[in-house]
Amino acid sequence: MDIFGCHCIKIFDKSGNYLSKIRAYGEGPGKYLDLDNFIVVNDEVLVLGVYPPKLMWFSFEGDLLREEKLKSSLTAGVFLESTNRHYFFKAHHQAEDFLVLSFNSSFKDTTFYFPKKTDQYYGNYSSRDNFIDNSEEVYFSMAFQDTIYKLEENVYAPKMVLDFGNYGQDISEYKMKMDDLETMERMDFINKKAKLHFVPNFWFVTERYFYSDFRFEGRMFNVIFDRKTQKTEVLDYGIINDLDEGYNPHLFNYRYDENKVGLRISGKDLYEILEKKKEELGPEAFEEYIKGKGKNLAQAAYAAKDSENPVLIIYTPKK
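Quick note on numbering that gives the first Met the number 0: the sequence shown kicks off at 0 and runs consecutively.
Structure follows, in structure tokens:
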């Protein structure tokens, strides 16, 4: 999905081959002036975060199937086959009453969740990642809130609470800074001075793990919490890649299901990493490396060495 350039969604097969593009940028019926999210339901692409507010369904070939006008934008959503229901998050600045609502597959029988509270701060971040969909396990949270919920039998049950203690950001101070400061001053505060707070952008939750990136006064940390052992690992920015000893990721940009996360890096940058590995190991050890644990890295790097296009790297739990 490209929300800044082509305002479109490009579709690829699992091998990375380009198939088609969804693009309906413009004014009028069947068009959008903005989009921010999408989900796939029953082999159809449901586009969310659309302006003017509406839901739009497309085929994988990029053809518009239907659309439904809305009073306020729905910016995130999931569909559960077990309940045969959609669950959506409203744009908080447009919501008048509730932030989350649910419909059945016919978009009837509406249920509402999470009343909007005037004394709570929700920030100005994209809410496209508020839901985590692990097949039949759905987790939910919101920016500047401290609770992670799991959707269980149409009820959002609290499962984890984030306690930052003395390192946490005072939310009333944060809101005041966002209201009073000029743009560059706001960015300086966010990037260099703000203390710990939760924004569900780069995060995932499984039955075993919770992961998210956090910032504290300009420093970034990767936090991994083992829900089984109740142990927390705090990594100072980078993650050491002991799988193929190649690229060390700073964070994970994408999640696919309970056991897959990913990131992207330009082909040229990936090739440079492989070349540095060659210098470190020497010719003989390098040949052994690219035939062994570095085989996948080498194949991708050589294929993309002259390209600025991103290479998608998928990670699964180490067995």
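Glycine included, each C-beta is placed from N, C-alpha and C at the ideal position.
- Item | Assumed close pair Lys-230, Arg-207 - CB separation to whole angstroms, cut-off 8 Å | The Cβ separation is near 12 Å, so there is no contact.
- Message: So, at 7 Å on beta carbons, what are the nonlocal neighbours of Leu-34 in its own chain, with the 5 sequence-adjacent residues on each side left out?
- Response: Ile-2, His-6, Val-46, Gly-48 and Val-49
- Proximity to Ala-142 [Cα-Cα], best of Gly-122, Arg-185, Lys-277 and Lys-9: If we check each option's Cα against that of Ala-142, Gly-122 comes out closest.
- Query: Expressed to the nearest angstrom, what Euclidean distance is found between the alpha-carbon atoms of Ile-38 and Ser-81?
  - Reply: 17 Å
- Extent of the continuous alpha helix (DSSP H) to which Ser-211 belongs: No alpha helix (DSSP H) holds Ser-211; the beta strand (DSSP E) holding it covers 208-215.
- Message: Under DSSP, the beta strand (DSSP E) around Ile-313 begins and ends at which residues?
- Response: Per DSSP, Ile-313 belongs to the beta strand (DSSP E) from 309-314.
- Task: Starting from the C-beta of Leu-195, find all residues in its chain whose C-beta is less than 7 Å away, skip the five residues before and the five after it, and write them out in chain order.
- Result: Phe-163, Tyr-166, Gly-167, Gln-168, Phe-213 and Phe-215
- Item | Ala-94 beta carbon less than 8 Å from that of Lys-115 | yes
- Query: Leu-161 to Asn-221, Cα distance in whole Å?
  - Reply: Between the alpha carbons of Leu-161 and Asn-221 lies a gap of roughly 14 Å.
- Determine the contact status of Lys-259 and Thr-315, defining contact as a CB-CB distance below 8 Å. yes
- Task: Run the CB neighbour count on Ala-284, radius 10 Å, all protein chains shown included, and call it buried at 16 or more, exposed below.
- Result: Classified as exposed, Ala-284 has fewer than 16 neighbouring CB atoms from the shown chains inside 10 Å of its CB.
- Query: Per DSSP, Leu-73 is paired with what?
  - Reply: Lys-89
- Roughly how far, in whole angstroms, is the beta-carbon of Leu-311 from the beta-carbon of Gly-237, given that I think they are within contact range, below 8 Å? Contact doesn't hold; Cβ gap of about 19 Å is too wide.
- Task: Alpha carbon to alpha carbon, how far is Ser-71 from Tyr-31? Give it in angstroms, no decimals.
- Result: 14 Å
- Three-state secondary structure (DSSP) of Phe-59: coil
- Pick out whichever of Ser-171, Glu-66, Gly-76 and Thr-109 has its Cα sitting closest to the Cα of Asp-118. Among Ser-171, Glu-66, Gly-76 and Thr-109, the Cα nearest to that of Asp-118 is on Ser-171.
- With Asn-103 as the anchor, note down where its beta strand (DSSP E) starts and where it stops. 97-103
- Query: According to DSSP, what are the bridge partners of Pro-114?
  - Reply: Phe-97
- Query: On the three-state DSSP scale, how would you describe Tyr-372?
  - Reply: With the chain running from 0 to 318 in the structure shown, residue 372 is simply not present.
- Query: With DSSP run on the structure shown, which of helix, strand or coil describes Arg-185?
  - Reply: helix
- Hey, Lys-20 and Lys-9 are a contact pair by Cβ (cut 8 Å); roughly how many whole angstroms apart? 5 Å
- Can you list, in chain order, the residues of its chain whose CB lies under 8 Å from that of Tyr-246, leaving out five sequence neighbours each side? Within the same chain, Tyr-246 has close Cβ partners Asn-240, Ile-264, Leu-269, Ile-272, Leu-296 and Ile-312.
- Message: Less than 8 Å between the beta carbons of Phe-321 and Asp-235, yes or no?
- Response: The chain is shown only over 0 to 318; residue 321 falls outside these bounds and no answer can be derived.
- Query: If you run the structure through DSSP and keep just helix, strand and coil, what is Ala-142?
  - Reply: coil
- Sort out for me which residues DSSP pairs Asp-108 with in a bridge. According to DSSP, Asp-108 shares a beta bridge with no other residue.
- Task: Return the chain-ordered list of same chain residues with a C-beta closer than 6 Å to the C-beta of Phe-111, the five sequence neighbours on each side being excluded.
- Result: Phe-97 and Leu-100
- Classify Met-174 as helix, strand or coil using the three-state DSSP reduction. The sequence as given places Lys at residue 174; Met does not occur at that position. It is helical.
- For His-85, does the count of other Cβ atoms within 10 angstroms reach 16, so buried, or fall short, so exposed? So His-85 counts as buried.
- Message: The beta strand (DSSP E) that contains Glu-43, what's its start and end?
- Response: 43-47
- Pull up the DSSP beta-bridge partners for Asn-221, would you. Asp-212 and Leu-234
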